[in-house]
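J.: Below you'll find the structure I mean.
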Amino acid sequence: MNLGENLRQVRLEKKLTQEDVSKVMFVTRQTISRWEQNKTMPNVYVLEELSRLYEVPIDRFYDSTREMSDTNKEEKVMKNINYYALFGSLFFNIFLFSGVAITVATLLLSYWLIVLTFIASPFILLFVNVTGMQAFDWVNTLFALIVFPIGLINIRIAKKFTGYIIEMFIKYCKFNMKSVFNTSI
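Take UniProt numbering: the final residue in the sequence shown is number 185, and no numbers are missing along the way.
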C-alpha cells in the first residue's frame, strides 16, 4: 500500500470526511483528495499534523524505506529559509498587518463589551434600584429588558465572528511560514 492509500484508510477508520480533515489542516478538500490519490505528496510537517489528528504513529503512513528517504530529502529542504520572503513578511507584518490587527482586535473587544453590557443591563439596573443609588424608572426598566435579548442574540454572533477571526489569523500565520521556508524539492 502506498502513502495515499494509507492516508485514505486511516481517515476512513477514524470516520472523518475529506472536508473534516481539510478544515483542521487549513487546506482545501481537493488537496486532501490529491494526497490520497498520490497526485501530490504532503510534506513532513503535514504528515506530523495528520498523525496527531488521526492519533496514529507517523510510521503508519509509510510502507517502504524509499518513501521515508524522499521525505527526509524534503525535510532538509524545509530547513532552507527564503530570506527575501522572510524580509518581505516581516516588513509587511510590522508596518501594514499590525495596524489592521490592532484595529480588528479593538473592534472585536468593543463588540464583546457592548454585548456583555446588554446582557448585564437588567442586573445592573436591579442592583442600583435595590441599593437606592437610583430611583425606579419604567423607561430604564423597559430599555434594560429590550437590550437583554438583543445581547443574548448577539453573543452567538460574537462567538462566530471571534472564531472566524482566530481561524483567519492561524491561516495567515501558516501562510507566512510556508512562504518563508522553501518547500520545493
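Note that beta-carbon positions come from the ideal geometry of N, C-alpha and C, so glycine has one too.
Please tell me whether Asp20 has its Cβ less than 8 Å away from any Cβ of chain B.
T.: Absence of chain B from the displayed structure is noted, only one protein chain being present.
J.: Do you know how far the Cα of Lys174 is from the Cα of Val130?
T.: So the alpha carbons of these two residues sit roughly 53 Å apart.
J.: Among the residues of its own chain, which have a CB less than 6 Å from the CB of Met68, if the five just before and after it don't count?
T.: Its pLDDT being 47, under 50, Met68 is placed unreliably in this model, and the value from its coordinates should be taken loosely. Only Tyr62 meet the Cβ criterion.
J.: Kindly confirm or deny that the segment 148-159 and the segment 107-125 touch, where touching means at least three C-beta pairs closer than 8 Å.
T.: Enough Cβ pairs lie closer than 8 Å, so yes.
J.: Rounding to the nearest angstrom, what Cα-Cα distance links Leu86 and Gly99 in this structure?
T.: Looking at the two C-alpha atoms, the distance is approximately 19 Å.
J.: Report the rounded CA-to-CA distance for Val180 versus Ile146, giving the unit in angstroms.
T.: Taking the straight line from one Cα to the other gives about 51 Å.
J.: Just list the residues that DSSP pairs Phe181 with in beta bridges.
T.: The partner list for Phe181 (beta bridge, DSSP) reads Ile81.
J.: Quick test of your reading: Leu50 and Pro42, contact by CB under 8 Å. State the CB separation rounded to the nearest angstrom.
T.: Their Cβ separation, rounded to whole angstroms, is 7 Å, which keeps Leu50 and Pro42 in contact under 8 Å.
J.: Give the DSSP-derived three-state secondary structure of Gly163 in the structure shown.
T.: Three-state result, Gly163: helix.
J.: Between Thr141 and Leu152, is the Cβ-Cβ spacing less than 8 Å?
T.: Contact flag unset, no.
J.: Rounded to the nearest angstrom, what separates Thr162 and Val104 at their Cα positions?
T.: Between Thr162 and Val104, the C-alpha separation is close to 10 Å.
J.: If you drop the 5 nearest sequence neighbours on each side, which residues of the same chain put their C-beta closer than 8 Å to that of Ser89?
T.: Asn176, Ser179, Val180.
J.: In the structure shown, what three-state DSSP assignment does Gln134 receive?
T.: Note: Gln134 maps to coil in three-state DSSP.
J.: Looking only at its chain, what residues have a beta carbon closer than 8 Å to the beta carbon of Asn6, apart from the 5 residues adjacent to it on each side?
T.: Contacts found: Arg60, Phe61, Tyr62, Asp63.
J.: In this structure, how does DSSP classify Tyr45 when only helix, strand and coil are distinguished?
T.: Three-state DSSP puts Tyr45 in a helix.
J.: Within the same chain, show all residues whose beta-carbon is closer than 6 Å to that of Lys46, passing over the 5 residues directly before and after it, in chain order.
T.: According to the sequence displayed, residue 46 carries Val and not Lys. Cβ within range, chain order: n/a, list empty.
J.: Using a Cβ-Cβ cutoff of less than 7 Å, which residues in the same chain neighbour Arg34 once the five nearest sequence positions on both sides are dropped?
T.: Hits under 7 Å: Thr40.
J.: Below 8 Å between beta carbons: does that hold for Val27 and Leu53?
T.: Going by C-beta atoms, Val27 is not nearer than 8 Å to Leu53.
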